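See structure below.
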Amino acid sequence: PLELMQNSWGDKALPFLAVGRVKDSVTLAYYIATDSAEQQEQTQEVFRKLLKASSSKLAAGQRTRLQWNDGCVCCLMDQQGTLLYCVVTSLLTYPERLAYQLLYDLRVVVQTIEGIDEIAEHGLNDQLADRMQKLVEQYEDRRNFPNLTPASSSVTGFDGVSVPLRQQDARELQAADSSRKWKVCIMIAAVILILILVAKLSRPTDPGDSVAVLTV
1 PLELMQNSWG DKALPFLAVG RVKDSVTLAY YIATDSAEQQ EQTQEVFRKL
51 LKASSSKLAA GQRTRLQWND GCVCCLMDQQ GTLLYCVVTS LLTYPERLAY
101 QLLYDLRVVV QTIEGIDEIA EHGLNDQLAD RMQKLVEQYE DRRNFPNLTP
151 ASSSVTGFDG VSVPLRQQDA RELQAADSSR KWKVCIMIAA VILILILVAK
201 LSRPTDPGDS VAVLTV
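In terms of my numbering, the sequence shown opens at residue 1 and continues consecutively.
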């Protein structure tokens, strides 16, 4: 397994996005939410290792999700087995389906580029930089996905520090949790009541028993 470094990405939900060519493990374009040269190099090295491993680990069109400390790395191989798309989510609570949708959106953009087999390392950075940043901002903005609910009232970054959600989000989660508990209690009570009624109806009637008739 890859030895992954410990780094904090701050409040960035999607700190790294990249596309690379599998056959020679060349990174064609990347977006990274840090100005640290050391962190950029470390992250790119991890992606290069993923590129090398993907040729034997992933089939064409296949995708995989790997845990990275308290976040994860989502990878998607294109339909030809030529390019690998990768996005890092700093939070385990970030929806997996959105991470993959981001990769599919990026794939649509890259598919329009010709001569992909001859492009040099980082050769698509200038062409894709703005588009990749806009995709990341789109998928980081919760206002674009109002129906999504976080998995817990706190999230954990790459540095292992627990970061509380906004108070409004926490209240919504607590209300939803209370609602679920009430529904469970009501269902249990209904099941018990049904069992009692079934038991009474199946019991043999004693001649001395009186039967009450419900009239409306």
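All C-beta atoms in this analysis are idealised placements derived from N, C-alpha and C, irrespective of residue type, glycine included.
Remember, it's a predicted structure, so these values are computed and weren't measured experimentally.
Consult DSSP for residue i and reduce its assignment to one of helix, strand or coil.
{"i": "Q67", "result": "strand"}
{"i": "L50", "result": "helix"}
{"i": "Y94", "result": "coil"}
{"i": "V73", "result": "strand"}
{"i": "V186", "result": "Sequence inspection shows Ile at residue 186; the Val mentioned does not correspond to that position. It is helical."}
{"i": "T89", "result": "strand"}
{"i": "T217", "result": "As displayed, the chain neither begins before 1 nor continues past 216, which places residue 217 out of reach and without an answer."}
{"i": "A29", "result": "strand"}
{"i": "V136", "result": "helix"}
{"i": "L106", "result": "helix"}
{"i": "L83", "result": "strand"}
{"i": "Q168", "result": "Here Q168 scores only 39 on pLDDT, less than 50, and its place in the model should not be relied on; the value that follows carries that caveat. Q168 falls in the helix class under three-state DSSP."}
{"i": "L124", "result": "coil"}
{"i": "S154", "result": "Summary for S154: the model assigns pLDDT 36, below 50, so the residue's position carries little reliability; its value from the coordinates is reported in the next sentence. It is a strand residue."}
{"i": "A59", "result": "coil"}
{"i": "L17", "result": "strand"}
{"i": "N147", "result": "coil"}
{"i": "Q101", "result": "helix"}
{"i": "D11", "result": "coil"}
Whose C-alpha, out of the options, is nearest the C-alpha of residue i?
{"i": "Q133", "options": "G10, D11, W9 and A18", "result": "A18"}
{"i": "A33", "options": "L50, Q101, R48 and W9", "result": "W9"}
{"i": "K52", "options": "N69, V191, S36 and M77", "result": "M77"}
{"i": "V110", "options": "L128, V191 and Q67", "result": "L128"}
{"i": "C86", "options": "Y30, V191, D24 and M187", "result": "Y30"}
{"i": "D105", "options": "L193, D24 and L135", "result": "L135"}
{"i": "D24", "options": "I119, I192 and D126", "result": "I119"}
{"i": "R107", "options": "G20, D11, Q42 and I186", "result": "G20"}
Using 7 Å as the threshold, is the C-beta distance between residue i and residue j below it?
{"i": "L103", "j": "G71", "result": "no"}
{"i": "E121", "j": "V46", "result": "no"}
{"i": "V88", "j": "F145", "result": "no"}
{"i": "L124", "j": "L28", "result": "yes"}
{"i": "V22", "j": "S55", "result": "yes"}
{"i": "A99", "j": "C74", "result": "yes"}
{"i": "A13", "j": "Y94", "result": "yes"}
Tell me, to the nearest whole angstrom, how far the beta carbon of residue i is from that of residue j; I am working on the premise that it is less than 8 Å.
{"i": "R65", "j": "E96", "result": "6 Å"}
> Using 8 Å as the Cβ pair cut-off and three pairs as the minimum, do the segment 133 to 144 and the segment 113 to 120 touch?
Replying inline: no
> For the segment 76 to 94 against the segment 58 to 65, are there 3 or more C-beta pairs whose distance is under 8 Å?
Replying inline: yes
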